[in-house]
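Protein sequence lines, in the order shown, are assigned to chains B and S.
Position one of the first sequence corresponds to residue 234 (my numbering), numbered consecutively onward.
Position one of the second sequence corresponds to residue 245 (my numbering), numbered consecutively onward.
We put the beta carbon where it would ideally sit given N, CA and C, even for glycine.
Being a predicted model, the structure only gives us computed values, none of them experimental.
Written below as structure tokens is the structure these notes are about.
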Amino acid sequence: MAQWTEAVFLAAIKSALVILVLLGIAAYLVLAERKILARLQVRYGPNRAGPRGVLQPLADMIKLLTKEDTIPAGADKVLFLMAPAVVAATVLMSFAVVPWGPEFAFGDTKIKGIVADVPVGVLYLFAMSSLAVYGVALGGWASNSKYSLLGGVRGAAQMISYELSMGLSLAPVVMISGSFSLVSIVEAQQGIPFALVQPVSLVLFFLSSMAETRRIPFDLPEAENELVAGYHTEYSGMRFGLFFLGEYVNILVLGALVATMFLGGWKGPVLPPAIWFLLKVTAVAFLLIWIRGTLPRFRYDQLMHLGWKLLLPASILNVLATGAILAFWES
Amino acid sequence: MGEVMEKKGAIKELWKGLQALAWGFSTTFIHLFKKPVTEQYPEQKRSLPHRSRGRIILTRDPDGQERCVACYLCSAVCPVSCISMQSAQRQDGRRYALWFRINFARCIFCGLCEEACPTLAIQLTPDFEMTRRNPMDLLYEKEDLLVEHGGKDKEYNYYRLAGVQVTGPKGSHQGEKPPVDPMSNMP
Numbered sequence: 234m235a236q237w238t239e240a241v242f243l244a245a246i247k248s249a250l251v252i253l254v255l256l257g258i259a260a261y262l263v264l265a266e267r268k269i270l271a272r273l274q275v276r277y278g279p280n281r282a283g284p285r286g287v288l289q290p291l292a293d294m295i296k297l298l299t300k301e302d303t304i305p306a307g308a309d310k311v312l313f314l315m316a317p318a319v320v321a322a323t324v325l326m327s328f329a330v331v332p333w334g335p336e337f338a339f340g341d342t343k344i345k346g347i348v349a350d351v352p353v354g355v356l357y358l359f360a361m362s363s364l365a366v367y368g369v370a371l372g373g374w375a376s377n378s379k380y381s382l383l384g385g386v387r388g389a390a391q392m393i394s395y396e397l398s399m400g401l402s403l404a405p406v407v408m409i410s411g412s413f414s415l416v417s418i419v420e421a422q423q424g425i426p427f428a429l430v431q432p433v434s435l436v437l438f439f440l441s442s443m444a445e446t447r448r449i450p451f452d453l454p455e456a457e458n459e460l461v462a463g464y465h466t467e468y469s470g471m472r473f474g475l476f477f478l479g480e481y482v483n484i485l486v487l488g489a490l491v492a493t494m495f496l497g498g499w500k501g502p503v504l505p506p507a508i509w510f511l512l513k514v515t516a517v518a519f520l521l522i523w524i525r526g527t528l529p530r531f532r533y534d535q536l537m538h539l540g541w542k543l544l545l546p547a548s549i550l551n552v553l554a555t556g557a558i559l560a561f562w563e564s
Numbered sequence: 245m246g247e248v249m250e251k252k253g254a255i256k257e258l259w260k261g262l263q264a265l266a267w268g269f270s271t272t273f274i275h276l277f278k279k280p281v282t283e284q285y286p287e288q289k290r291s292l293p294h295r296s297r298g299r300i301i302l303t304r305d306p307d308g309q310e311r312c313v314a315c316y317l318c319s320a321v322c323p324v325s326c327i328s329m330q331s332a333q334r335q336d337g338r339r340y341a342l343w344f345r346i347n348f349a350r351c352i353f354c355g356l357c358e359e360a361c362p363t364l365a366i367q368l369t370p371d372f373e374m375t376r377r378n379p380m381d382l383l384y385e386k387e388d389l390l391v392e393h394g395g396k397d398k399e400y401n402y403y404r405l406a407g408v409q410v411t412g413p414k415g416s417h418q419g420e421k422p423p424v425d426p427m428s429n430m431p
């Protein structure tokens with residue numbers, strides 16, 4: 234009994250800690266993105282709130298919280314209010330299975346550097362990223378606005394096209410490490426990170442998960458020059474903030490996944506594991522910002538073409554090739 | 245044979261695409277280390293061109309007289325009807341505006357009034373910092389608009405070139421020839 238309560242207590246503390254750190258990092262990721270994007274475009278970016286704009290996330294948060302929360306006439310109220318929560322919650326939940334450090338001892342209790350070491354962590358992640366798109370599609374539908382609806386439909390179509398290649402691109406990683414658990418996947422990269430073993434997988438996964446997170450150049454659901462703001466056109470105040478937050482936590486999740494699956498997770502010399510993990514996530518986030526500052530948006534048919542005709546066959550071939558090599562190796 | 249050619253084309257295309265990508269990414273990466281070109285507005289103010297269109301003024305001619313003859317042309321040409329005035333006449337026959345009002349809450353700074361003005365009285369200046377919290381503060385009366393100088397063309401004086409009959413005999417305007425005696429044209 235005592236052990237059971239202790240486990241629940243520990244899990245609660247760990248999830249609270251992870252969520253707090255995640256939200257803090259996400260808030261500053263917004264600032265970092267705006268700053269770096271500005272420098273890529275030879276501008277300064279936000280530099281008014283506090284020295285060099287370090288208080289900008291705080292100012293934005295106060296603004297979003299105090300703004301009026303409008304619900305458009307004719308909107309489906311329940312779904313409209315629920316959609317941003319779905320997006321933010323699923324994204325936050327997917328971080329539960331991401332390991333940020335090895336097992337360490339605190340007093341005489343051993344603590345794992347992960348909220349929940351689920352044996353099927355990879356599947357759980359796919360489930361969460363598929364659920365997140367319900368927030369987008371429902372939010373777009375419930376707004377009773379043509380732009381939102383178009384954005385939501387695009388989001389759903391994009392999710393279907395890219396979920397497949399995303400799943401298949403991770404299959405070789407799972408095949409090599411022989412486990413669905415993210416902790417085991419990190420442990421399997423003891424000698425050599427999977428980025429060197431499976432570079433094709435890395436590229437495929439990076440591209441398709443970038444499409445999953447609806448980042449430029451795959452931000453068709455919120456293409457502002459054609460759809461105003463896509464699925465969150467009608468949202469205001471903190472509900473818009475939740476969509477925004479979901480997007481940035483999603484970047485962190487994507488960075489964490491790339492780091493875990495391909496870059497060896499928390500492993501690294503000299504520095505403590507959590508710092509290594511953070512460094513790798515930041516590197517991926519910087520890459521995403523760089524891409525945003527460089528590439529234009531795809532046309533919709535190009536997006537579909539890339540998903541179905543290039544990424545999907547390539548990932549299937551990759552799985553087959555990996556399987557053949559593994560079978561040859563073992564025999 | 246044809247297939248091979250096609251394949252070669254595809255590889256060439258791919259190579260070209262990769263080159264283009266690398267070029268784009270390197271361009272943005274180099275920008276990361278450049279000094280931003282942004283002007284930090286309230287601290288750094290750049291001097292605007294002489295002819296940029298901002299706050300409107302009413303100028304005076306070199307003698308220090310008001311140039312405006314209250315002809316209503318600016319008011320008529322104004323696309324948003326933000327200029328209003330009341331004309332009056334002085335003892336010596338020269339017209340002037342009894343009151344002259346520009347509603348800057350409406351003004352779109354198009355400069356048509358300046359173009360329409362026959363006496364160069366109404367002119368636009370490069371000053372644009374005139375926002376107010378209360379729109380009523382944007383109603384500029386004649387005493388707010390009138391300045392003590394000639395604006396862009398300081399030497400111009402309408403009454404030396406054309407205008408009233410009272411200032412002198414015929415032929416005394418600037419650039420005007422004295423009247424010709426038609427009888428002297430006789431063969």
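Rounded to whole angstroms, the gap between the alpha carbons of B:Leu553 and S:Pro280 is 49 Å.
Fewer than three Cβ pairs drawn from the region 304–321 of chain S and the region 414–427 of chain S lie within less than 8 Å of each other, which leaves the two stretches out of contact. Counting only the Cα atoms, B:Val263 lies some 12 Å from B:Ala292.
Taking each of B:Pro546, B:Thr515 and B:Ala547 in turn and checking the Cα distance to B:Leu255, the smallest one comes out for B:Thr515.
In the structure shown, the three-state DSSP call for B:Gly346 is strand. For B:Pro284, there is no enclosing alpha helix (DSSP H), as DSSP marks it with neither H nor E. In chain order, His417 place their CB closer than 7 Å to the CB of S:Ala406, counting only its own chain and leaving out the 5 sequence neighbours on each side. Here DSSP, grouped into helix, strand and coil, assigns S:Met329 to strand. In the three-state reduction of the DSSP assignment, S:Tyr316 falls in the coil class, being assigned neither a helical nor a strand state.
Rounded to whole angstroms, the gap between the alpha carbons of B:Ile347 and B:Ile258 is 17 Å.
Residue state for B:Pro305 is assigned as coil, using DSSP reduced to three classes. Looking at the DSSP output, S:Tyr384 bridges to S:Ile346. S:Gln367 has S:Ile301 as its beta-bridge partners, per DSSP. Using a Cβ-Cβ cut-off of 7 Å, B:Arg272 counts as an interface residue toward chain S, since at least one Cβ of chain S sits closer than that to its own. Apart from sequence neighbours up to five positions away, the residues of its chain that approach B:Pro426 with a beta-carbon distance below 7 Å are Phe495, Leu496 and Gly497, ordered along the chain. In the three-state reduction of the DSSP assignment, B:Gly257 falls in the helix class. Looking from the CA of B:Val331, the closest CA among B:Ser414, B:Leu545 and B:Ala240 belongs to B:Ser414. Contact holds between the region 319–333 of chain B and the region 407–424 of chain B, because three or more Cβ pairs, one in each stretch, are under 8 Å apart. By the criterion of a C-beta distance shorter than 6 Å, B:Val351 is surrounded in its chain by Val330 and Tyr357, once the five residues flanking it on both sides are discounted. Interface residue (Cβ-Cβ distance to chain B less than 7 Å): S:Thr375 is not classified as such. In the DSSP assignment, B:Ala338 falls within the unbroken beta strand (DSSP E) covering Gly334 to Phe339. Comparing alpha-carbon positions, the option among S:Val424, S:Asp307 and S:Leu382 lying closest to S:Arg345 turns out to be S:Leu382. Against S:Thr303, chain B offers no close residue; the least beta-carbon distance is about 38 Å (beta-carbon pairs closer than 7 Å).
With its beta carbon less than 7 Å from one in chain B, S:Gly268 belongs to the interface. Distance from the CA atom of S:Met329 to the CA atom of S:Tyr384, rounded to whole angstroms, is 12 Å. The three-state secondary structure of B:Tyr468, taken from DSSP, is coil. Chain-order list of chain B residues neighbouring S:Lys278: Arg272 and Val275, by C-beta distance under 9 Å. For the 7 Å CB-CB criterion, S:Ile301 and S:Thr369 form a contact.
At a cut-off of 7 Å, the C-beta of B:Thr527 has a neighbouring C-beta in chain S. DSSP places B:Arg525 in the helix class (H, G or I) of the three-state scheme. For S:Asn401 against S:Asp305, the beta-carbon gap comes to about 4 Å, under 8 Å, which counts as contact.
The beta carbons of B:Val324 and B:Gly479 sit about 5 Å from each other, so the pair counts as a contact at 8 Å. Residue contact check for S:Thr363 against chain B: no CB pair falls below 7 Å. Looking at the DSSP output, S:Arg377 sits in no beta bridge, so it has no partner there.
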